[in-house]
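Each position in the sequence shown, counted from 1, maps to that position plus 7 in my numbering. Here a beta-carbon is modelled for each residue, glycine too, at the ideal position from N, C-alpha and C. It should be emphasised that the depicted structure is a prediction, and the values quoted were computed from it without experimental measurement. A short worksheet on the structure shown next.
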Amino acid sequence: MARIAVVAGDGIGPEVVAQARKVLETVLPGIEATEYDLGAARYHRTGEVLPDSVLDELGQHDAILLGAVGDPSVPSGVLERGLLLKLRFAFDQYVNLRPSRLWPGTTSPLANAKPGEIDLVVVREGTESLYAGAGGNLHKGTPAEVATEESLNTRHGVERVVRDAFARAAARPRRKLTLVHKNNVLTHAGDLWARTFNEVAAEYPDIATEYQHVDAAAMFLVTQPQRYDVIVTDNLFGDILTDVAAAITGGIGLAASGNINPDRRYPSMFEPVHGSAPDIAGKGLADPAAAVLSVGLLLEHLGHPEAARRVTDAVAAELAGRTPGAPLRTDEVGDRLAAAVSA
Ligand code: NAD
Ligand code: IPM
Ligand code: MN
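See the structure below:
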């Protein structure tokens with residue numbers, strides 16, 4: 008039976024992960040889930056963010072379920088870089104998979120979009136670009152201060168995620184792939200992405216391809232999201248666009264993600280797109296749907312498509328039954344979802 012490492016993390020992380028775990032253990036009884044205490048509390052207690060011994064242990068699991076990391080009491084970036092990004096990088100999770108669907112029963116700010124009409128997936132590169140951490144501060148704290156962040160893009164890193172996106176587009180009915188970058192300004196990395204994309208496209212003559220600059224893509228996601236099937240993009244552009252994609256499909260509380268290592272040399276990690284939401288943490292108000300849908304992606308990845316479908320169907324039915332604007336209780340939604348997957 009699969010062994011899952013659970014990193015609940017900070018803020019609403021533990022609240023939504025408790026529901027996700029309940030659903031996971033109901034839909035796949037016997038699954039072995041082990042909690043790891045990482046995040047702000049451990050940092051304050053011990054000064055540790057992610058000890059090597061814990062990283063090694065996490066690496067021995069079949070998958071990781073993560074809630075959220077980041078807390079106002081910890082300097083920005085310490086946990087985000089030292090824990091979350093370290094896991095994505097150490098486990099070479101180069102495909103950051105972020106599907107968005109407009110589910111029946113959800114409200115979208117887009118008046119012209121009907122449920123079922125938005126069904127897109129962003130394949131966000133997960134290990135490179137501005138996230139690589141190259142750069143620094145010269146003359147810090149002086150009027151002469153210079154801060155640089157360099158975007159690292161390798162042919163290897165770009166090609167493997169582009170290939171993954173083409174394969175995903177080929178497996179979907181619409182067979183369309185959009186490359187999003189900013190090659191009118193970022194001429195070095197943008198050129199590498201566009202050339203690589205066009206070369207791989209030649210191997211997929213039956214996939215419709217297009218290129219868009221990221222600013223235009225942000226606009227079209229809001230005005231014409233129906234036009235997208237699969238989007239492949241750089242790490243930072245993908246981060247921003249997937250919050251937009253979440254907002255147009257019922258909100259950030261519904262957006263699930265998988266940080267996939269397609270080679271399966273390391274565990275993949277599943278987590279909601281949202282963060283620790285300090286503004287609502289501890290109140291039992293967080294929507295656990297994103298975390299539960301992330302369990303669906305986890306089950307799919309581990310080869311349990313039937314269990315994955317039950318989880319997704321349960322969320323879809325629960326969303327369809329919601330009254331727009333009515334307050335939601337995290338644990339009540341979790342209980343309803345767990346009951347639905349066991350029925
Ligand atoms: P956020 O996603 O935590 O919150 C943005 C807004 O969305 C808030 O108003 C919040 O209440 C709301 N929200 C988020 N999740 C929700 C849910 N499940 N149900 C209902 N409402 C929800 O983003 P932020 O405020 O920019 O960041 C807060 C902290 O989280 C920061 O420390 C940031 O670095 C971190 N963060 C972590 C992750 C992650 O762990 N993957 C992702 C994003 C941000
Ligand atoms: C996300 C988050 C992270 C990212 C941060 C917290 C490092 O915003 O998962 O979308 O930028 O990837
Ligand atoms: Mn983000």
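- Any heavy atom of the ligand NAD counts here; residues with a Cβ closer than 5 Å to one of them, in chain order, are Ala75, Val76, Gly77, Glu87, Ile259, Gly260, His281, Gly282, Ser283, Ala284, Asp286, Ile287, Ala293 and Asp294.
- If the five residues before and after Val221 are omitted, its C-beta is found closer than 6 Å to the C-beta atoms of Val187, Lys189 and Phe244, all from its own chain and listed in chain order.
- If you check the C-beta of Asp246 against the ligand IPM, you find a heavy atom less than 7 Å away.
- Secondary structure note for Tyr138: its beta strand (DSSP E) is the uninterrupted segment Ser136 to Leu145.
- About 5 Å separates the beta carbon of Val130 from that of Val239, a gap short enough to meet the 8 Å contact definition.
- By the neighbour-count criterion, in which a residue is buried when 16 or more other Cβ atoms sit within 10 angstroms of its Cβ, Met276 is buried.
- Asn242 counts as buried, since at least 16 other C-beta atoms from the protein chains shown sit within 10 angstroms of its C-beta.
- Apart from the 5 residues on each side of it in sequence, Asp126 sits with its Cβ closer than 6 Å to the Cβ of Arg108 in its chain, given in chain order.
- A straight-line Cα-Cα distance of about 48 Å links Thr53 and Gly123.
- Judged by DSSP secondary structure, Asp126 falls within the beta strand (DSSP E) whose first and last residues are Asp126 to Glu132.
- According to the DSSP assignment, Tyr218 belongs to the beta strand (DSSP E) that extends over Ala215 to His220.
- With respect to the C-alpha of Arg336, the residue from Met8, Val23, Val13 and Ala12 having the closest C-alpha is Val23.
- Residue pairing by DSSP places His188 opposite His220 in a beta bridge.
- Between Phe96 and Thr155, the C-beta spacing is not below 8 Å.
- In this structure, the alpha-carbon of Pro334 lies about 19 Å from that of Ala253.
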